[in-house]
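Asker: Following this message is one structure expressed as structure tokens.
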Amino acid sequence: MTNQNMEITTDIYLGDSKKELKKLLDNSVDLIVTSPPYADQRKSTYGGIHPDKYVEWFLPISEQLFRVLKPTGTFVLNIKEKVVEGERSTYVMGLIIAMRKQGWLWTEEFIWHKKNSYPGKWPNRFRDSWERLLQFNKDKHFNMYQEEVMVPMGEWAKTRLKKLSDTDKVRDNSKVGSGFGKNISNWIDRDKAYPTNVLHLATECNNKNHSAAFPEELPEWFIKLFTKENDIVLDPFMGSGTTLSVASRMKRNSIGIEIVPEYYQMVKNQLNPVELYLLEPGAKYEKTEPKRRIAIR
Ligand SMILES: C[S@@+](CC[C@H](N)C(=O)[O-])C[C@H]1O[C@@H](n2cnc3c(N)ncnc32)[C@H](O)[C@@H]1O
152 MTNQNMEITT DIYLGDSKKE LKKLLDNSVD LIVTSPPYAD QRKSTYGGIH PDKYVEWFLP
212 ISEQLFRVLK PTGTFVLNIK EKVVEGERST YVMGLIIAMR KQGWLWTEEF IWHKKNSYPG
272 KWPNRFRDSW ERLLQFNKDK HFNMYQEEVM VPMGEWAKTR LKKLSDTDKV RDNSKVGSGF
332 GKNISNWIDR DKAYPTNVLH LATECNNKNH SAAFPEELPE WFIKLFTKEN DIVLDPFMGS
392 GTTLSVASRM KRNSIGIEIV PEYYQMVKNQ LNPVELYLLE PGAKYEKTEP KRRIAIR
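In this note's numbering, the protein residues as written are 152 to 448.
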């Protein structure tokens, strides 16, 4: 095999996702990671959508996302319903049901536990310290690289695994008929385990340029789990461009769409040029002369 150059591109579009997404090709994206504006929130910065209108607003966008996502791809939607007049709004549930009707499979729900949520006191609830990360797919057979997100076994290996019961030592066939069992003794002497579906990440405090930026670890974790190098990652609500900069650092191509010109301009100014990596068989990617090219629409 001869050496190959790998060019990593970052394309950004200014405008409404509903319209701009139409410029992307069918079945062309490997992963969508995004956080849209939540219903009626942050009105002062980029407008809000009334909770009653949220599903209606989002469906034409998710229709386009369905079109551009590859059948092997995944869509991760960060969202959280707000409290309206003392009650949790149900628009996220309405959205999940409407998206399933649109053809999406609701494969999984991850929880983002915000480790550093602000303390506070409310008369009828406690401080909100988690958000939803909804996983949607087009097909049951999607790309997933589970080994990439394994975590150290930690104390488990020393405590519970040392005191296994008899049932733990034999294969405990799944009661849900999935064909998978949980023979816990398989995990003795292993260094790493698969993670849970709860991500413990601090909210972003350093990014002063956007009021709702992702912590970098959030897109990073899903990019590791659902893509390979040279794949394409899309964020249709780009904001400060966290998803794009993380994707680029991880040698994934990325596409971002942002409706507010100031945010778009900020990302444009900060973006690295197209990076050119030298791909050698069996060797780590070496960065070579970067070529200046960013696609600005
Ligand atoms: C929650 S923020 C995303 C923050 C981003 N994850 C980051 O790390 O900076 C949502 C972004 O979507 C943008 N936005 C809102 N409506 C949009 C639309 N219809 N099309 C494109 N972008 C939109 C907002 O201006 C805002 O910057």
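Built from N, CA and C at the ideal position, the CB exists for glycine as well.
From a predicted model like this one, the values you see are computed outputs, not experimental measurements.
Please identify the residue among Ser-396, Gln-421, Lys-379 and Asn-294 whose C-alpha is closest to the C-alpha of Ile-157.
Answerer: It should be noted that the sequence gives Met, not Ile, for residue 157. That would be Lys-379, whose Cα lies nearest to the Cα of Met-157.
Asker: Taking the alpha-carbon positions, what's the Ile-406 to Lys-419 distance?
Answerer: Computed Cα separation, rounded: 12 Å.
Asker: Going by C-alpha to C-alpha distance, which of Gly-390, Ile-374, Lys-343 and Trp-208 sits closest to Ser-450?
Answerer: Given a span of 152 to 448 for the chain in the structure shown, any question on residue 450 remains unanswerable.
Asker: Three or more C-beta pairs closer than 8 Å, one from the region 220–229 and one from the region 173–187: is that the case here?
Answerer: The region 220–229, when compared against the region 173–187, does touch it at the 8 Å Cβ threshold.
Asker: For Ile-247, which of helix, strand or coil comes out of DSSP?
Answerer: Helix.
Asker: If we require 4 or more residues per run, which alpha helix (DSSP H) segments fall completely within the region 239–299?
Answerer: Qualifying alpha helix (DSSP H) stretches, in chain order: 242–253.
Asker: If you run the structure through DSSP and keep just helix, strand and coil, what is Ile-408?
Answerer: Three-state DSSP puts Ile-408 in a strand.
Asker: Ignoring anything shorter than 3 residues or poking outside the region 347–402, list the beta strand (DSSP E) runs there in chain order.
Answerer: Counting only runs of 3 or more, we get 349–352 and 383–386.
Asker: Going by DSSP in three states, Ser-195 sits in which element: helix, strand or coil?
Answerer: Per-residue confidence for Ser-195 stands at a pLDDT of 48, beneath the threshold of 50, marking its modelled position as unreliable; the derived number appears in the next sentence. Correct three-state label for Ser-195: helix.
Asker: For Leu-165, collect the residues of the same chain with a Cβ closer than 7 Å to its Cβ; drop the 5 residues on either side in sequence, then sort them by chain order.
Answerer: Excluding sequence neighbours, Leu-165 sits near Glu-409, Pro-412, Tyr-415 and Arg-448.
Asker: Quick one: Cα of Asp-162 to Cα of Lys-174, how far?
Answerer: About 12 Å.
Asker: Taking the straight line between their C-alpha atoms, what separation do you get for Leu-285 and Glu-171?
Answerer: Using only the alpha carbons, I get a separation of about 23 Å.
Asker: Tell me the rounded alpha-carbon separation between Ser-195 and Asn-267.
Answerer: Here the model assigns Ser-195 a pLDDT of 48, short of 50, so the residue's position is not dependable and the matter cannot be decided.
Asker: Given 6 Å as the limit, tell me if Asp-167 has its C-beta closer than that to any heavy atom belonging to ligand 1.
Answerer: Correct: Asp-167 has its Cβ closer than 6 Å to ligand 1.
Asker: Looking at the structure shown, is Met-157 part of a helix, part of a strand, or coil, going by DSSP?
Answerer: Met-157: strand per DSSP, three-state reduction.
Asker: Could you work out which residue in Gln-297, Phe-261 and Ile-335 is closest to His-351 when comparing CA atoms only?
Answerer: Of the listed residues, the one whose Cα sits closest to His-351 is Phe-261.
Asker: Do three or more CB pairs link the region 248–257 to the region 213–222 at distances below 8 Å?
Answerer: Result yes; three or more Cβ-Cβ pairs closer than 8 Å.
Asker: Under 6 Å from any heavy atom of ligand 1, does the C-beta of Ser-213 make it?
Answerer: Answer for Ser-213: no, Cβ out of range of ligand 1.
Asker: Work out the CA separation of Pro-366 and Thr-354 for me, nearest whole Å.
Answerer: The straight-line gap from Cα to Cα measures roughly 6 Å.
Asker: For the candidate residues Asp-386, Thr-394 and Leu-422, whose alpha-carbon lies nearest to that of Lys-169?
Answerer: Considering only alpha carbons, the answer is Asp-386.
Asker: Relative to the C-alpha of Trp-257, which residue among Gly-245, His-264 and Lys-265 is closest?
Answerer: When each option's Cα is compared against that of Trp-257, the closest is Gly-245.
Asker: Helix, strand or coil: how does DSSP classify Glu-306 here?
Answerer: In the structure shown, Glu-306 sits in a helix (DSSP, three-state: H, G or I).
Asker: Given Ser-240, which residues of its chain have a CB within under 8 Å of its CB, disregarding the five upstream and five downstream residues?
Answerer: Taken in chain order, the residues that qualify are Ala-190, Pro-202, Glu-232, Lys-233 and Val-234.
Asker: Among Phe-388, Pro-370, Phe-377 and Ala-398, which one has its Cα closest to the Cα of Trp-263?
Answerer: Residue Pro-370 is the option with its Cα nearest to Trp-263.
Asker: Secondary structure at Asn-334, three-state DSSP: helix, strand or coil?
Answerer: Three-state result, Asn-334: coil.
Asker: Taking 6 Å as the cut-off, does the CB of Pro-366 come closer than this to any heavy atom belonging to ligand 1?
Answerer: Pro-366 Cβ: outside cutoff for every heavy atom of ligand 1.
Asker: When we look at the beta-carbon of Thr-310 and count the other beta-carbons within 10 Å, is it buried (16 or more) or exposed?
Answerer: With fewer than 16 other Cβ atoms within 10 Å, it is exposed.
Asker: Taking 7 Å as the threshold (C-beta atoms), are Ser-179 and Leu-219 in contact?
Answerer: Just to set this straight, residue 219 is Val in the shown sequence, not Leu. Yes, they are a contact pair.
Asker: From Lys-375 to Arg-341, what does the alpha carbon distance come to, in whole angstroms?
Answerer: When rounded, the distance between both Cα atoms is 21 Å.
Asker: Can you list, in chain order, the residues of its chain whose CB lies under 8 Å from that of Gln-297, leaving out five sequence neighbours each side?
Answerer: Excluding residues within five positions, the ones whose Cβ falls inside 8 Å are Tyr-345 and Leu-376.
Asker: Under the rule that 16 or more other beta-carbon atoms within 10 Å means buried, what is Tyr-269, buried or exposed?
Answerer: By the neighbour-count rule (16 or more Cβ atoms within 10 Å), Tyr-269 is not buried but exposed.
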